[in-house]
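A.B. asks: The sequence shown begins at 1 in the UniProt record's numbering and counts up by one. I'd like to ask some things about the structure below.
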Amino acid sequence: MDAASNMAKSASDTAQSTFNSASESVKGTTEQASKEGNKNIAEDSDQSAGTRASAAKDAASNKVGEVKHSS
């Protein structure tokens, strides 16, 4: 590869890396928001026990996703 090709590949790699990082950040933020919503449902005594249990399970799953996307 010549110098121009190397620079173009480097710029492309940098752009892809930046995009991937931003994408992971958005996914982590989405998981966090979902976790908080599910946590609120799980703590809501006006909800049925089944709904609360399902929301608690979903909040735990969201937490796993949040951690996965923040690393």
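Glycine included, C-beta positions come from ideal geometry on N, C-alpha and C. For clarity, every value in this text was computed on a predicted model and none was experimentally measured.
Quick one: grab the DSSP three-state call for S48.
C.D. replies: If DSSP states are grouped into helix, strand and coil, S48 belongs with coil.
A.B. asks: What span of residues does the alpha helix (DSSP H) with D2 cover, start to end?
C.D. replies: D2 -> no alpha helix (DSSP H), and no H or E assigned at all.
A.B. asks: Leaving out five residues on either side along the sequence, give the residues of the same chain with a beta carbon under 6 Å from the beta carbon of S34.
C.D. replies: Excluding positions up to five away in sequence, the list reads N62.
A.B. asks: Of the residues A55, D2, G28, which one's Cα is nearest the Cα of V67?
C.D. replies: Minimum Cα distance to V67 is reached at G28.
A.B. asks: Any chance you could list the beta strand (DSSP E) runs of at least 3 consecutive residues sitting entirely within the region 18 to 45, in chain order?
C.D. replies: Entirely contained in the region 18 to 45, not one beta strand (DSSP E) run reaches 3 residues.
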